[in-house]
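Heads up: the protein sequence lines correspond to chains A and B, in order.
Numbering-wise, the first sequence is residues 139 to 254 according to the numbering used here.
Numbering-wise, the second sequence is residues 3 to 247 according to the numbering used here.
Backbone N, C-alpha and C fix where the C-beta goes; we use that ideal spot for every residue, glycine too.
Input: a single structure, listed below in structure tokens.
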Amino acid sequence: MTVTELAAKLELRPLTPQVTPSTEQVTGGYVSDLLSDVLANAPRGGVLVTVQVHLNVIAVAVHAELAGVIFALDRVPDESVRAKAVAEGIPLYTTKESAFDVAGRLYEFGLRGPRA
Amino acid sequence: MKQFLADLHIHTALSPCAAEDMTPPAIVQAALDSGLAMIAICDHNSAGNTAATQAAAGDRLCALAGMELTTAEEVHVLGLFPDAARASAAAAEVVATLPQADAAYYERFGPQQLMGADGRVLGFERRMLAVASTFELSAAIALIHRHDGVAVAAHVNRPSFSVVSQLGMFPPDAGFDAIEVFSAPGFPSRAAEFAGHGLAVLSSSDSHFLGDVGSACSVFEMRAPTFEELRLAMRGADGRAVRCA
Numbered sequence: 139m140t141v142t143e144l145a146a147k148l149e150l151r152p153l154t155p156q157v158t159p160s161t162e163q164v165t166g167g168y169v170s171d172l173l174s175d176v177l178a179n180a181p182r183g184g185v186l187v188t189v190q191v192h193l194n195v196i197a198v199a200v201h202a203e204l205a206g207v208i209f210a211l212d213r214v215p216d217e218s219v220r221a222k223a224v225a226e227g228i229p230l231y232t233t234k235e236s237a238f239d240v241a242g243r244l245y246e247f248g249l250r251g252p253r254a
Numbered sequence: 003m004k005q006f007l008a009d010l011h012i013h014t015a016l017s018p019c020a021a022e023d024m025t026p027p028a029i030v031q032a033a034l035d036s037g038l039a040m041i042a043i044c045d046h047n048s049a050g051n052t053a054a055t056q057a058a059a060g061d062r063l064c065a066l067a068g069m070e071l072t073t074a075e076e077v078h079v080l081g082l083f084p085d086a087a088r089a090s091a092a093a094a095e096v097v098a099t100l101p102q103a104d105a106a107y108y109e110r111f112g113p114q115q116l117m118g119a120d121g122r123v124l125g126f127e128r129r130m131l132a133v134a135s136t137f138e139l140s141a142a143i144a145l146i147h148r149h150d151g152v153a154v155a156a157h158v159n160r161p162s163f164s165v166v167s168q169l170g171m172f173p174p175d176a177g178f179d180a181i182e183v184f185s186a187p188g189f190p191s192r193a194a195e196f197a198g199h200g201l202a203v204l205s206s207s208d209s210h211f212l213g214d215v216g217s218a219c220s221v222f223e224m225r226a227p228t229f230e231e232l233r234l235a236m237r238g239a240d241g242r243a244v245r246c247a
């Protein structure tokens with residue numbers, strides 16, 4: 139499943155419509171708000187589910203080569219963060235669901251964490 | 003220029019996790035016994051015991067009024083202020099964002115004691131100082147600067163509540179005035195690594211117990227142990243300097 143297909147299935151609200159998401163298959167998922175943890179453990183080509191909206195989310199997403207970031211609980215990062223994501227080509231989404239429920243649905247779609 | 007030893011991160015019994023014998027007079031005595039010329043009182047999300055500690059110190063020691071603010075990202079940021087009034091004004095904005103404490107909270111986190119200069123208990127902080135404020139990092143640093151303070155990234159080398167643990171990497175444009183490393187035997191300070199950000203690097207004890215006061219400190223080369231001299235030393239102005247002891 140690509141990021142675009144996944145976003146449609148989860149009915150995520152896109153925050154960076156200017157970004158064309160990767161057409162590669164999403165490799166897995168990760169849920170964390172500690173960006174040091176994301177940096178160390180998130181799977182390359184996977185999606186991150188978080189409530190962390192600091193600008194460093196984008197830098198970490200680039201470094202960890204994430205396919206996209208899903209903000210839970212209707213969190214929306216500042217315009218400066220969204221602009222950075224557009225510049226770096228990282229698609230951002232938000233949803234009213236909690237990180238737990240988003241992760242559960244991703245799991246149902248067959249995605250797994252890095253150590254599964 | 004003269005050299006002054008400073009331990010700029012000390013909690014009082016107001017902090018939820020600090021020992022109850024961390025009273026203003028006991029902290030001042032411990033600091034004097036450790037040969038410190040300067041300390042900073044930095045309780046979690048509060049400056050409620052800073053004026054009392056300054057009164058307890060008198061002219062024997064420079065006791066700066068500070069606060070250890072917990073941002074929405076759960077990053078700890080030290081604010082050091084020119085006086086207790088400005089520290090308290092900044093802290094009032096922070097504490098207003100915290101929930102009210104209940105009986106279960108006090109049982110777990112302790113009484114959050116507000117004290118006088120003689121160490122007597124004058125009251126109890128009614129908000130949950132142990133939780134995160136709603137200030138995001140950039141807003142927290144702006145708050146500290148708005149009240150004429152300096153903002154220090156707290157214990158950046160620790161695995162929790164540090165700007166690095168929470169945000170993955172040091173944000174170079176966040177507006178910090180200095181970086182604090184936590185120092186303890188067997189704990190890597192990584193001071194040289196953090197010096198690469200072009201900011202003053204401090205070493206502090208983050209004392210929660212009397213025996214830890216002065217166990218780590220910084221050496222300030224400046225004219226006198228005052229807040230304004232400290233601010234200049236952090237910028238390296240006119241031959242002033244600061245380094246980890």
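Alpha carbon of residue i to alpha carbon of residue j, nearest angstrom
{"i": "A254 (chain A)", "j": "R160 (chain B)", "result": "29 Å"}
{"i": "R151 (chain A)", "j": "A145 (chain A)", "result": "8 Å"}
{"i": "P26 (chain B)", "j": "F126 (chain B)", "result": "15 Å"}
{"i": "L153 (chain A)", "j": "A94 (chain B)", "result": "35 Å"}
{"i": "P190 (chain B)", "j": "F196 (chain B)", "result": "12 Å"}
{"i": "S17 (chain B)", "j": "M24 (chain B)", "result": "9 Å"}
{"i": "S217 (chain B)", "j": "S140 (chain B)", "result": "31 Å"}
{"i": "A247 (chain B)", "j": "R243 (chain A)", "result": "52 Å"}
{"i": "H147 (chain B)", "j": "H78 (chain B)", "result": "16 Å"}
{"i": "K234 (chain A)", "j": "P155 (chain A)", "result": "18 Å"}
{"i": "V1 (chain B)", "j": "L63 (chain B)", "result": "One cannot answer for residue 1 (chain B) here, as it falls past the ends of chain B, which runs 3 to 247."}
{"i": "A134 (chain B)", "j": "G112 (chain B)", "result": "17 Å"}
{"i": "A194 (chain B)", "j": "P227 (chain B)", "result": "25 Å"}
{"i": "A28 (chain B)", "j": "R237 (chain B)", "result": "32 Å"}
{"i": "H46 (chain B)", "j": "L234 (chain B)", "result": "26 Å"}
{"i": "H11 (chain B)", "j": "S207 (chain B)", "result": "6 Å"}
CB of residue i within 7 Å of CB of residue j, strictly
{"i": "E226 (chain A)", "j": "V200 (chain A)", "result": "yes"}
{"i": "A54 (chain B)", "j": "M117 (chain B)", "result": "yes"}
{"i": "V240 (chain A)", "j": "R213 (chain A)", "result": "no"}
{"i": "R182 (chain A)", "j": "E203 (chain A)", "result": "yes"}
{"i": "E75 (chain B)", "j": "Q5 (chain B)", "result": "no"}
{"i": "V141 (chain A)", "j": "A205 (chain A)", "result": "yes"}
{"i": "A142 (chain B)", "j": "L71 (chain B)", "result": "yes"}
{"i": "L100 (chain B)", "j": "C44 (chain B)", "result": "no"}
{"i": "G33 (chain B)", "j": "L82 (chain B)", "result": "As written in the sequence, residue 33 (chain B) is Ala, which differs from the Gly given in the question. Result no, Cβ atoms of A33 (chain B) and L82 (chain B) do not sit closer than 7 Å."}
{"i": "S162 (chain B)", "j": "V183 (chain B)", "result": "no"}
{"i": "S174 (chain A)", "j": "G198 (chain B)", "result": "no"}
{"i": "Q56 (chain B)", "j": "A65 (chain B)", "result": "yes"}
{"i": "V123 (chain B)", "j": "Q115 (chain B)", "result": "yes"}
{"i": "A249 (chain B)", "j": "A98 (chain B)", "result": "Residue 249 (chain B) lies beyond the range of chain B shown here (3 to 247); nothing can be said about it."}
{"i": "R250 (chain A)", "j": "G166 (chain A)", "result": "yes"}
{"i": "A91 (chain B)", "j": "H149 (chain B)", "result": "yes"}
{"i": "V198 (chain A)", "j": "V176 (chain A)", "result": "yes"}
Integer Cβ distance of residue i from residue j, believed to fall under 8 Å
{"i": "L7 (chain B)", "j": "V221 (chain B)", "result": "6 Å"}
{"i": "A103 (chain B)", "j": "M130 (chain B)", "result": "5 Å"}
{"i": "P215 (chain A)", "j": "V195 (chain A)", "result": "7 Å"}
{"i": "F178 (chain B)", "j": "V154 (chain B)", "result": "7 Å"}
{"i": "I181 (chain B)", "j": "V158 (chain B)", "result": "6 Å"}
{"i": "Y168 (chain A)", "j": "P252 (chain A)", "result": "7 Å"}
{"i": "S218 (chain A)", "j": "L193 (chain A)", "result": "6 Å"}
Where the alpha helix (DSSP H) through residue i begins and ends
{"i": "Q168 (chain B)", "result": "V165 to L169"}
{"i": "M24 (chain B)", "result": "That residue, M24 (chain B), is in no alpha helix (DSSP H); it is neither H nor E in DSSP."}
{"i": "D175 (chain A)", "result": "L173 to N179"}
{"i": "F111 (chain B)", "result": "A105 to F111"}
{"i": "V97 (chain B)", "result": "A86 to V97"}
{"i": "S84 (chain A)", "result": "Any property of residue 84 (chain A) remains undetermined from this structure, which presents chain A solely from 139 to 254."}
{"i": "V198 (chain A)", "result": "N194 to H201"}
{"i": "V240 (chain A)", "result": "A237 to E246"}
Start-to-end residues for the beta strand (DSSP E) that takes in residue i
{"i": "M69 (chain B)", "result": "C64 to T72"}
{"i": "H78 (chain B)", "result": "H78 to F83"}
{"i": "D9 (chain B)", "result": "K4 to I12"}
{"i": "R213 (chain A)", "result": "First-last for R213 (chain A): undefined, no H or E at that position."}
{"i": "S140 (chain B)", "result": "Taken as a continuous stretch (DSSP letters only), S140 (chain B) belongs to no beta strand (DSSP E), being part of the alpha helix (DSSP H) at L139 to R148."}
{"i": "T165 (chain A)", "result": "Looking at the DSSP string, T165 (chain A) is not in any beta strand (DSSP E), and its letter there is neither H nor E."}
{"i": "Q115 (chain B)", "result": "Q115 to M117"}
{"i": "F222 (chain B)", "result": "S220 to M224"}
Exposure label - residue i; buried when at least 16 CB within 10 Å
{"i": "M224 (chain B)", "result": "buried"}
{"i": "F209 (chain A)", "result": "buried"}
{"i": "M3 (chain B)", "result": "exposed"}
{"i": "D61 (chain B)", "result": "exposed"}
{"i": "T136 (chain B)", "result": "exposed"}
{"i": "A20 (chain B)", "result": "buried"}
{"i": "R242 (chain B)", "result": "buried"}
{"i": "D120 (chain B)", "result": "exposed"}
{"i": "E230 (chain B)", "result": "exposed"}
{"i": "T158 (chain A)", "result": "exposed"}
{"i": "E149 (chain A)", "result": "exposed"}
{"i": "E109 (chain B)", "result": "exposed"}
{"i": "A15 (chain B)", "result": "buried"}
{"i": "S209 (chain B)", "result": "buried"}
{"i": "D171 (chain A)", "result": "buried"}
Handout entry: Members of the stretch 164-180 of chain B near chain E, C-beta cut-off 7 Å
Key = No chain E is part of this structure, whose protein chains are labelled A and B.
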